[in-house]
Structures are given as structure tokens and as C-alpha cells.
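Chemist:
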Amino acid sequence: MDPAVCSEKLKSGMLGDGCRMFRSTIKTFTILHLSPSYYINNNTRLHKWKQELEKIKKLPSPRIHHPANHTTMKTTNEIIVIDLEATCWEYDKIPPGQKTDIIEIGICTLDTDTKVISNKQSIYVIPERSKINKFCTELTGITPKLIEEKGIYFEEACEKIRAEYHPKSLTWAGFGTFDKEQIVAQCDYLGIENPFSGNYINIMHRFKAYNGLYKMMGLKRALKALDMEFEGHHHSGADDAYNAARILQEMIK
Numbered sequence: 020m021d022p023a024v025c026s027e028k029l030k031s032g033m034l035g036d037g038c039r040m041f042r043s044t045i046k047t048f049t050i051l052h053l054s055p056s057y058y059i060n061n062n063t064r065l066h067k068w069k070q071e072l073e074k075i076k077k078l079p080s081p082r083i084h085h086p087a088n089h090t091t092m093k094t095t096n097e098i099i100v101i102d103l104e105a106t107c108w109e110y111d112k113i114p115p116g117q118k119t120d121i122i123e124i125g126i127c128t129l130d131t132d133t134k135v136i137s138n139k140q141s142i143y144v145i146p147e148r149s150k151i152n153k154f155c156t157e158l159t160g161i162t163p164k165l166i167e168e169k170g171i172y173f174e175e176a177c178e179k180i181r182a183e184y185h186p187k188s189l190t191w192a193g194f195g196t197f198d199k200e201q202i203v204a205q206c207d208y209l210g211i212e213n214p215f216s217g218n219y220i221n222i223m224h225r226f227k228a229y230n231g232l233y234k235m236m237g238l239k240r241a242l243k244a245l246d247m248e249f250e251g252h253h254h255s256g257a258d259d260a261y262n263a264a265r266i267l268q269e270m271i272k
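Position 177 of the sequence shown, counting from 1, maps to 196 under this note's numbering, and the rest follow consecutively.
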């Protein structure tokens, strides 16, 4: 790369470690090799190089990206992590008259001081605008019978969360935006106050920044990138919430 180009890009912060290495290398090259006799027949070029090298030497280090961590997160000492399972259909073909309903709220808490994950549970929710079909059961493991035996209405689920987790005073988090958006949408539709606070952490987005990734990645791939194995059953709300909390736990160490 032409040193003049590198100099300009370093000033703007457009180049990172690669150009920093170039700057270090070119300094060494100058000391060891660039004597007047080296370019004895090309004084103009030598002069140009010396000018640009002097500029590069005086530049501050380029802006280097640092992974996201707990110091950049607006958060509380305890974070509620959730994962929702909802009614779903093959090829996302929602039958006429039905809407996506939450059928499980997987939830746990992460203590940001001790890094302990606790209070893990599944809250099964009765779908009020749709029915659980075979495809949904195969994906989530949730059957109509399970909901009949253990399910409560969404409003009751919100009350349970308020009573057990005191969420209005805490940060909450999920792996992506679906969990937040679905909670908000269902509360709005049913005229229920959102039990959670306005402070939400998108763990997927944070992980992308933390690892310097170009693209988002799913929960299991994110765990793999951290050399961690998924614990439990994928698409179990409680297990997904717990594993999402493990990723968040790793990022705030």
C-alpha cells in the first residue's frame, strides 16, 4: 500500500490492526534499510517516503474495536433472561383467523456480580387466539394436553412474573428481538400492562459485537463459538433461556 494512502486512512480510523502492523514494519524497514545509498538514483521517491513515514510515526494508534461487555451495558445487578415458545405453523402459514400466541415463557435470572444463573422455570401459557398443531408440538415438545394440565392464561403468567421476579426494576434480556416484540404485542392486543421494564438487552446483537462478527448467529452456534455445549433441550423455553443466560454470563466476565 502507498504510504500516503495508509497515512490518510490511519487518520480517519479506517484501518485497524493490519495498518498498525504496516506502520510498525515500515518503521523497522526505515531504520534497517533506507539509507541514502538505497535510493541513490531516486532521491525524489526517497524524499516522498521519508515525508510520509514521518507523518505515520506521529499518528496516534488507530481506533480499534473492543468487544461489548458489561461496562457498556445499561443494566442492573440482576438480569431476567427469557425465551418464548409460541404457536407456529409449517412454512409460517398462519391459518385465517389465528394469531401467534405465546405458549411457554422460559425464564431465569443472572446475577451480574456472582455470575450465578438461578430461578429457572417454564411458565406454560394457554393460547387464546390460535391452536397448537402437530408441527408446533414436534418443534417445541408442547402438546395441547400439556397446556390443558399446566397452562395458565397470559395475564396470569404476567402476574406470576411480577410476583416472583419483580421485573419492573430489572433489566431483562432475550436472544434476539422476537421475545421482546412478542411480549409487547400480546400485552397490547390483550390490554395488559407489560410486566417488564424498558431496559432490554438483545443478547444476539451483543454477541455479534462481542465477537466482532459480520452476521448474527443462532443460539447453538453462539455457544459453539464460545466452546460451550447446549445444555438441555433446544426449543424448550426454560432451557433456551438458561443457555442464553450462559452466553450473557460469558460476556460480562
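The C-beta atom is built at its ideal place from N, Cα and C for all residues, glycine as well.
Does any residue of chain C have a CB that is nearer than 9 Å to the CB of I126?
Modeler: Considering every chain present, this structure includes no chain C. It has just one protein chain.
Chemist: Can you check the segment 115-163 for any beta strand (DSSP E) of at least 3 residues that lies completely inside it and give the ranges in chain order?
Modeler: Counting only runs of 3 or more, we get 121-130, 136-143.
Chemist: On the CB-based measure, 16 or more other CB atoms within 10 Å of its CB, does P115 come out buried or exposed?
Modeler: Along the sequence shown, one-based indexing puts residue 115 at 96. Burial call: exposed.
Chemist: Report the three-state DSSP secondary structure of D246 (helix, strand or coil).
Modeler: Taking the first residue of the sequence shown as position 1, residue 246 is located at position 227. Correct three-state label for D246: coil.
Chemist: Which two residues bound the contiguous beta strand (DSSP E) that contains L103?
Modeler: Start at 1 with the first residue of the sequence shown, and residue 103 comes out as number 84. Per DSSP, L103 belongs to the beta strand (DSSP E) from 97-105.
Chemist: Using 8 Å for Cβ pairs, my map puts D130 next to N96. What's the rounded Cβ distance?
Modeler: Along the sequence shown, read from residue 1 onward, the residue named residue 130 stands at position 111. Along the sequence shown, read from residue 1 onward, the residue named residue 96 stands at position 77. Confirmed, Cβ separation roughly 7 Å.
Chemist: Alpha carbon to alpha carbon, how far is E168 from Y233?
Modeler: Sequence index remark: in the sequence shown, residue 168 carries index 149 (1-based). Sequence index remark: in the sequence shown, residue 233 carries index 214 (1-based). Cα to Cα, E168 sits roughly 44 Å from Y233.
Chemist: On the three-state DSSP scale, how would you describe N221?
Modeler: Numbered from 1 along the sequence shown, position 202 holds the residue referred to as residue 221. Looking at N221 - three-state DSSP - the assignment turns out to be strand.
Chemist: Can you look up I113 in the DSSP assignment and give me helix, strand or coil?
Modeler: Stepping through the sequence shown from its first residue, residue 113 is reached at position 94. In the structure shown, I113 sits in coil (DSSP, three-state: anything other than H, G, I, E or B).
Chemist: Helix, strand or coil for I171? Go by DSSP, reduced to three states.
Modeler: The residue you call residue 171 lines up with position 152 of the sequence shown. I171 falls in the strand class under three-state DSSP.
Chemist: In this structure, does DSSP put G256 in helix, strand or coil?
Modeler: Indexing the sequence shown from 1 puts residue 256 at position 237. Looking at G256 - three-state DSSP - the assignment turns out to be helix.
Chemist: Just reading off the beta strand (DSSP E) that T94 is part of, what are its end residues?
Modeler: Here residue 94 is taken as the residue at index 75 of the sequence shown, counted from 1. Taken as a continuous stretch (DSSP letters only), T94 belongs to no beta strand (DSSP E), as it is neither H nor E.
Chemist: If you scan the segment 178-210 from start to end, which runs of the beta strand (DSSP E) of 3 or more residues do you find wholly inside it?
Modeler: Within the segment 178-210, the complete beta strand (DSSP E) runs of at least 3 residues are 190-193.
Chemist: Just verifying my parser: in three-state terms, what is the DSSP assignment at F226?
Modeler: Working through the sequence shown from its first residue, we reach residue 226 at position 207. If DSSP states are grouped into helix, strand and coil, F226 belongs with the helices.
Chemist: Rounded to whole angstroms, how far is the Cβ of I222 from the Cβ of L267, which I believe are closer than 8 Å?
Modeler: Residue 222 sits at position 203 when you count from the first residue of the sequence shown. Residue 267 sits at position 248 when you count from the first residue of the sequence shown. That pair is a contact at about 5 Å.
Chemist: How long is the line joining the alpha carbons of P186 and D111, rounded to whole angstroms?
Modeler: By one-based count along the sequence shown, residue 186 stands at place 167. By one-based count along the sequence shown, residue 111 stands at place 92. If I take the Cα positions, the gap works out to 31 Å.
Chemist: State buried or exposed for A182, treating a residue as buried only when at least 16 other CB atoms are found within 10 Å of its CB.
Modeler: Within the sequence shown, numbered from 1, the residue matching residue 182 stands at position 163. Classification for A182: exposed.
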